[in-house]
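Numbering (this note's numbering), first residue to last: 149 to 463. Positions of the beta carbon are idealized from the N, C-alpha and C atoms, including for glycine. Step one of this worksheet: look at the structure below.
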Amino acid sequence: MNQSAKDEINLEVSIGSLKLPNPIMPASGAFGEDMDQVIDFDQLAAVVPKSITKYPRKGNRTPRVCEVTAGMINSIGIQSKGIDYYLKKTIPYYKKYHVPLISSISADSIDEFAEMAEIIGSLEEVAALELNISCPNLKGNGLAFGLDPETTRNLLRKVREVTDKPLIAKLSPNVTSIQEIAVAAEEGGADGLNIANTVLAMAIDIHTRKPKIGNVMGGLSGPAVKPIIIRMIYQVRQASSLPIIGCGGVMNGEDAIEMILAGATAVQIGTASFVNPTALTDTLEDIKAYMRTYHISDIRELIGKVMASEPIVAE
Numbered sequence: 149m150n151q152s153a154k155d156e157i158n159l160e161v162s163i164g165s166l167k168l169p170n171p172i173m174p175a176s177g178a179f180g181e182d183m184d185q186v187i188d189f190d191q192l193a194a195v196v197p198k199s200i201t202k203y204p205r206k207g208n209r210t211p212r213v214c215e216v217t218a219g220m221i222n223s224i225g226i227q228s229k230g231i232d233y234y235l236k237k238t239i240p241y242y243k244k245y246h247v248p249l250i251s252s253i254s255a256d257s258i259d260e261f262a263e264m265a266e267i268i269g270s271l272e273e274v275a276a277l278e279l280n281i282s283c284p285n286l287k288g289n290g291l292a293f294g295l296d297p298e299t300t301r302n303l304l305r306k307v308r309e310v311t312d313k314p315l316i317a318k319l320s321p322n323v324t325s326i327q328e329i330a331v332a333a334e335e336g337g338a339d340g341l342n343i344a345n346t347v348l349a350m351a352i353d354i355h356t357r358k359p360k361i362g363n364v365m366g367g368l369s370g371p372a373v374k375p376i377i378i379r380m381i382y383q384v385r386q387a388s389s390l391p392i393i394g395c396g397g398v399m400n401g402e403d404a405i406e407m408i409l410a411g412a413t414a415v416q417i418g419t420a421s422f423v424n425p426t427a428l429t430d431t432l433e434d435i436k437a438y439m440r441t442y443h444i445s446d447i448r449e450l451i452g453k454v455m456a457s458e459p460i461v462a463e
């Protein structure tokens, strides 16, 4: 076997029927069209524009972002130009790329989720739908649809009825049992799980004695949350057969490999792109280098292969 054949590696993974060329994609809310100036979108597994709402939203009051130790708190509040703009401008823009477009949807009710999923899911240009049932930056002290298993199950069932597109449920880490919510999403008809959205958090300026975020609380992301997300991926891997997209604190290839070993099939990157605009493609190269170092020819050989002696089993 020649050297080039020995170095050949397979990075392809699947989320349900959604085939991805590799496991690295951006996290919704941390990715936009202007990033085409620094990275080649066609190198990614998929593109995931910011969550879209039915009607335009101004988002939360400022300040919306603050740095904290090993992370960032944000409270954007799903600022959105509405579905009409999304259909006319956003989807046509991404059509020129060859990677799958995953549309992230946020809504104010289960019926509205279904209404939007039926419209966007009917488009050939859209490869899958990510249901943002977990944003902590809305009303009600960060309450979200994904905090209750019955609501999660009903929401997925309602959306499942109106579209055949792969459905990815973006879960919240702000729950007592992530396994319970994951199973509910699977029972409702999800094809994959995103674990997870940001962790509800708060920071205070001790000089002004005011919260550093205009909305008082926001979502913590970055390296600080990665061990929490790793734990949740590992737990959900024991409870659900659905493929998992790990999201939270990945800054480089080592972090992504850790997530994959815990059980993630794919990985989303958000905060790292604010620190290093080429973090997505750099992480992909890191993964390739790791695989060559350990003579791994197929990325699927790594999924869930952490060598833990006693897996956690859901009750």
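A direct Cα-Cα distance of roughly 17 angstroms separates residue 446 from residue 192.
For residue 173, the enclosing beta strand (DSSP E) has its first and last residue at 172-174.
For residue 243, the secondary structure class from DSSP, reduced to helix, strand or coil, is coil. Beta bridge pairing from DSSP links residue 359 with 352.
The beta-bridge partner set that DSSP reports for residue 450 is empty.
Rounded to whole angstroms, residue 419 and residue 187 show a C-alpha spacing of 16 angstroms. Bounds of the alpha helix (DSSP H) holding residue 304 are 297-308.
Per DSSP, the continuous alpha helix (DSSP H) segment holding residue 401 begins and ends at 401-410. Per DSSP, the beta-bridge partners of residue 163 are 166.
Assigned with DSSP and collapsed to three states, residue 343 falls in strand. In the three-state reduction of the DSSP assignment, residue 390 falls in the coil class. With 16 or more neighbouring CB atoms inside 10 Å of its own CB, residue 195 falls in the buried class. Contact between residue 348 and residue 362 does not hold, since their C-beta atoms are separated by about 15 angstroms, which reaches or exceeds 8 angstroms.
With respect to residue 274, residue 189 sits apart: the two C-beta atoms are not nearer than 8 angstroms.
Partner residues in the beta bridge of residue 219, as assigned by DSSP, are 216.
Around the C-beta of residue 382, 16 or more other C-beta atoms lie within 10 Å, and the residue is accordingly described as buried. Between the region 407-417 and the region 384-391, the count of Cβ pairs shorter than 8 angstroms is three or higher; the stretches touch. Excluding its 5 nearest sequence neighbours in each direction, residue 318 has C-beta neighbours in its own chain below 7 angstroms: 278, 279, 280, 281, 282, 342 and 345, listed in chain order. The count of Cβ pairs closer than 8 angstroms, one atom from the region 157-171 and one from the region 223-237, stays below three, leaving the stretches out of contact. In the three-state DSSP reduction, residue 436 falls in the helix class (H, G or I). The C-beta of residue 370 has 16 or more other C-beta atoms within 10 Å across all chains shown, which makes the residue buried.
Judged by DSSP in its simplified three-state form, residue 385 adopts helix. By the CB criterion at 8 angstroms, residue 224 and residue 208 fall inside the cutoff. Remark: C-beta atoms of residue 252 and residue 284 do not approach each other more closely than 8 angstroms. Inclusion of residue 336 and residue 301 in the CB contact set at 8 angstroms is warranted, their separation being smaller than that value.
One alpha carbon belongs to residue 294, the other to residue 449, and they sit about 31 angstroms apart. Per DSSP, the continuous alpha helix (DSSP H) segment holding residue 423 begins and ends at 419-423. Distance from the CA of residue 272 to the CA of residue 403, rounded to the nearest whole angstrom, comes to 34 angstroms.
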